[in-house]
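Student:
Numbering (the numbering used here), first residue to last: 148 to 416.
1. Please name the residue in 337, 395, 278 whose C-alpha comes closest to that of residue 201.
2. Is it the case that the Cβ atoms of residue 215 and residue 233 are separated by a distance below 8 angstroms?
3. Who does residue 236 pair with in a DSSP beta bridge?
4. From the DSSP output, which residues share a beta bridge with residue 292?
5. Could you tell me whether any non-hydrogen atom of the ligand MN is closer than 7 angstroms to the CB of residue 306?
6. Pick out whichever of 391, 402, 319, 158 has its Cα sitting closest to the Cα of residue 347.
7. Which word fits residue 168, buried or exposed, when buried means at least 16 other C-beta atoms lie within 10 angstroms of its C-beta?
8. Can you give me the C-alpha to C-alpha distance between residue 154 and residue 401, rounded to a whole angstrom?
9. Does the beta-carbon of residue 208 have 16 or more other beta-carbons within 10 angstroms, so that it is buried, or is it exposed?
10. Inspect the beta-carbon positions of residue 272 and residue 242 and report whether they are closer than 8 angstroms.
11. To which residues of the same chain is residue 332 closer than 6 angstroms at the C-beta, ignoring the five residues directly before and after it?
12. Which residue marks the beginning of the beta strand (DSSP E) containing residue 395, and which one marks its end?
13. At what residue ranges does the region 359–388 contain a whole run of the alpha helix (DSSP H), taking only runs of 4 or more?
14. Would you mind stating whether residue 185 and residue 381 have Cβ atoms separated by less than 8 angstroms?
15. On the three-state DSSP scale, how would you describe residue 247?
16. Helix, strand or coil, according to DSSP, for residue 351 in the structure here?
17. In this structure, does DSSP put residue 150 in helix, strand or coil?
18. Counting Cβ pairs, one atom from each stretch, are 3 or more of them under 8 angstroms apart for the region 296–308 and the region 338–358?
19. Quick check on residue 148: buried or exposed, where buried means 16 or more other Cβ atoms within 10 Å of its Cβ?
20. Assuming residue 193 contacts residue 173 (C-beta within less than 8 angstroms), just tell me the rounded distance between them.
21. Leaving out five residues on either side along the sequence, give the residues of the same chain with a beta carbon under 7 angstroms from the beta carbon of residue 225.
22. Count the other CB atoms, across all protein chains shown, that sit within 10 Å of the CB of residue 339; report buried if there are 16 or more and exposed otherwise.
23. Look at residue 205 and residue 276 and say whether their C-beta atoms are less than 8 angstroms apart.
24. Could you check the C-alpha separation between residue 177 and residue 203 for me, to the nearest Å?
25. Please state the DSSP three-state secondary structure of residue 185.
26. Please check the pair residue 136 and residue 210, which I expect to be a contact at CB under 8 angstroms, by giving their CB distance rounded to whole angstroms.
Here it is, written out as structure tokens:
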């Protein structure tokens, strides 16, 4: 079974040629690539967040497998769901699912289930793939939709994912990408204030602080659950530092700063 793209022509161009051209203009082919353990990358339309996503993903030294955690915008399927397909098609070709690692994660983490329904209409993971496909020729993915749960669950899920990677001795072969936008539909000044607090927690590698800030400041960061899980896993895999690659808002593309969405690109090392 193969998942076909669902937001081609909406979040990004609908033809292979246009997609290659647009992504090629957004990535940095000469980036000083790092041994990235984790990352936060936005998932809006490429016209809005593509520069941030391209700059961030360009910094990742190619990995064999990317665990991509995305929020569940649709509410369908299990709260924490690995897709059941064998591969994901994009306009640029097919990306296989690393079934060996996926099986290990599903076995090691009681929260995570196989459930394709969560992925059928979800865009947050799909939009990351064309960047990775332009940046490297061959890789696999483990796509996981992550909804909301008791705050303590995120650390447990992250630890279980890290244990799965370690169990397969794949620490050097895997990077974990949390797909997330930041504050939604507030003024640019309000978004930057709130997003600075969330970004600060991520840069401190403090998933518990991130969760607290989101709750206390009412930050509409759609992927805080994926980010918290990624941070917990990355620390278990040896992460010691983080770097903000770029921060923008939709106002930088539209010129309207009265109601914006924020986009942050962060790498975890």
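In this text, a Cβ means the ideal position worked out from N, Cα and C, and glycines have one as well.
Tutor: On the basis of the supplied data:
1. Selected option, being the one with the closest Cα: 278.
2. Annotated as distal: residue 215 and residue 233, with beta-carbon spacing of 8 angstroms or more.
3. In DSSP, residue 236 forms a bridge with 241.
4. Answer is 217, 228.
5. The model on display carries no ligand, and the ligand MN is accordingly not part of it.
6. Looking from the CA of residue 347, the closest CA among 391, 402, 319, 158 belongs to 391.
7. Classification of residue 168: exposed, given that the 10 Å Cβ count is below 16.
8. Going from the Cα of residue 154 to the Cα of residue 401 covers about 21 angstroms.
9. By the neighbour-count definition (other C-beta atoms within 10 Å, threshold 16), residue 208 is an exposed residue.
10. Not a contact, by the Cβ cut-off of 8 angstroms.
11. Cβ within range, chain order: 406.
12. Start and end: 389–396.
13. List check, alpha helix (DSSP H) in window: 371–383.
14. Yes, the pair counts as a contact, with Cβ atoms nearer than the cut-off.
15. Correct three-state label for residue 247: helix.
16. Correct three-state label for residue 351: coil.
17. Here residue 150 sits in strand by DSSP.
18. Segments in contact, yes.
19. Residue 148 is classed as exposed because its beta carbon has fewer than 16 other beta carbons within 10 Å across all chains shown.
20. That pair is a contact at about 7 angstroms.
21. Take residue 225, set aside five residues on each side of it, and the residues of its chain with a beta-carbon closer than 7 angstroms to its own are 260, 262, 265, in chain order.
22. It is buried - the Cβ of residue 339 has at least 16 other Cβ atoms within 10 Å.
23. Result no, Cβ atoms of residue 205 and residue 276 do not sit closer than 8 angstroms.
24. Near 13 angstroms, if we compare the C-alpha coordinates of residue 203 and residue 177.
25. It is a strand residue.
26. Residue 136 lies beyond the range of the chain shown here (148 to 416); nothing can be said about it.
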